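See structure below.
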Amino acid sequence: MCNYWVQGNCSYGDKCRFLHSWSLGECFTLLNHLDGHQKVVTGIALPAGMDKLYTGSKDETVRAWDTNTGQCMGVINLGGEVGCMISEGPWLFVGIPNVVKAWNTQTNQELSLSGPVGQVYTMVVGNDLLFAGTQDGTILAWKFNAVTNNFEPAASLKGHTLAVVSLVVGANRLYSGSMDHSIKAWSLETLQCLQTLTEHTSVVMSLLCWEQFLLSCSLDQTIKVWVATESGNLEVTYTHKEEHGLLNLRGMPDSESKPVLMCSCNDNSVRLYDLPSFSEKGKIFAKQEIRAIEVGPGGLFFTGDGTGFRVWKWAEAVPKP
1 MCNYWVQGNC SYGDKCRFLH SWSLGECFTL LNHLDGHQKV VTGIALPAGM DKLYTGSKDE
61 TVRAWDTNTG QCMGVINLGG EVGCMISEGP WLFVGIPNVV KAWNTQTNQE LSLSGPVGQV
121 YTMVVGNDLL FAGTQDGTIL AWKFNAVTNN FEPAASLKGH TLAVVSLVVG ANRLYSGSMD
181 HSIKAWSLET LQCLQTLTEH TSVVMSLLCW EQFLLSCSLD QTIKVWVATE SGNLEVTYTH
241 KEEHGLLNLR GMPDSESKPV LMCSCNDNSV RLYDLPSFSE KGKIFAKQEI RAIEVGPGGL
301 FFTGDGTGFR VWKWAEAVPK P
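Note that full-length UniProt numbering has the sequence shown beginning at 1, numbered continuously upward.
Put into structure tokens, the structure is as follows:
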């Protein structure tokens with residue numbers, strides 16, 4: 001990757017021996033680059049049935065974008081850095097210090113869910129509960145009450161000693177990753193901690209459920225693949241080593257419906273791997289750390305890129321003769 005080209009001042013032009021492109025790989029293409037935030041993008045969300053995409057940033061705003069034209073349709077000032085953002089059905093949830101903001105994008109109803117202490121780093125929905133991982137190590141849960149049209153506190157899950165920065169739901173479990181280097185598995189029914197996994201040696205930044213596996217990535221420069229034993233406990237079945245700390249995991253099918261793992265690294269890149277082989281499929285580069293990756297419909301995916309985001313699409317598979 002040519003650093004001078006990134007700055008916009010490579011004097012070698014086409015003769016430069018370094019890459020003048022934001023990606024490596026033939027299987028996906030860059031469709032658009034949309035910019036507008038003042039600081040790094042930390043969340044991307046696409047509420048169901050909408051032609052809008054939302055981005056949240058450390059600049060304390062959420063921006064709404066028209067997915068057809070790429071135009072910014074509005075800016076919401078939140079008064080706090082966006083730690084994370086997800087959508088579920090028509091609802092958009094934004095985590096900022098000491099509160100979760102909830103918007104119904106169909107009715108424009110706005111709610112503030114109090115309870116978090118410090119930044120809200122991660123959220124996930126499972127078993128009709130909204131879970132939020134917070135700076136003080138607590139996982140808070142809310143349940144939607146259709147009668148009062150509100151989210152009501154349902155539980156507080158304690159056990160981590162430092163901030164909870166990743167959550168995922170799968171196999172009737174809630175998995176949490178923390179700055180305390182551990183992963184905890186919780187029952188979605190009882191909300192009790194079933195197991196604590198301590199194989200990572202640094203912050204567990206992101207978690208992903210794929211088929212019967214749990215994948216975790218960490219600033220310790222590894223991706224670990226976990227599988228349940230007959231007793232139900234998780235064990236590491238494979239460790240993939242990188243040369244940089246890992247920030248985010250996302251999975252999606254490519255144009256041939258084969259599973260691909262996308263993982264962002266703290267060298268301002270995203271690596272794309274075939275699963276389960278971990279053979280490299282491509283790379284994406286950016287000016288800053290890519291804190292947000294989101295999967296869209298029709299082979300689209302989105303990567304945060306400093307103050308904006310990029311829109312990518314899987315190339316159509318070429319039929320074999």
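Backbone N, C-alpha and C define an ideal beta-carbon position, used for all residues, glycine too. Computed from a prediction, not measured in an experiment: that's the story for all the values here.
Nearest Cα to residue 35 within the set 311, 189, 278: 311. Taken in chain order, the whole beta strand (DSSP E) runs of length 3 or more contained in the region 184-265 are 193-197, 204-210, 213-218, 222-228, 234-241, 246-253, 259-265.
With fewer than 16 other Cβ atoms inside 10 Å of its own Cβ, residue 75 counts as exposed.
In the DSSP assignment, residue 117 falls outside any beta strand (DSSP E) and carries neither an H nor an E. Each residue's CA atom was taken as its position, placing residue 291 and residue 111 some 26 Å apart. A distance below 6 Å between beta-carbons, with the five flanking residues on each side excluded, links residue 209 to the following residues of its chain, in chain order: 168, 170.
Annotation: the continuous beta strand (DSSP E) that includes residue 104 extends over 99-104. Residue 123 is bridged by DSSP to 132.
With contact defined as three or more Cβ pairs closer than 8 Å, the region 63-75 and the region 111-129 are not in contact. In the structure shown, the three-state DSSP call for residue 47 is coil.
The Cβ neighbour count for residue 280, taken over all protein chains shown within 10 Å, is under 16; the residue is labelled exposed.
Assigned with DSSP and collapsed to three states, residue 110 falls in strand. Beta-bridge partners of residue 141 (DSSP): 131, 155. Residue 64 has 54, 74 as its beta-bridge partners, per DSSP.
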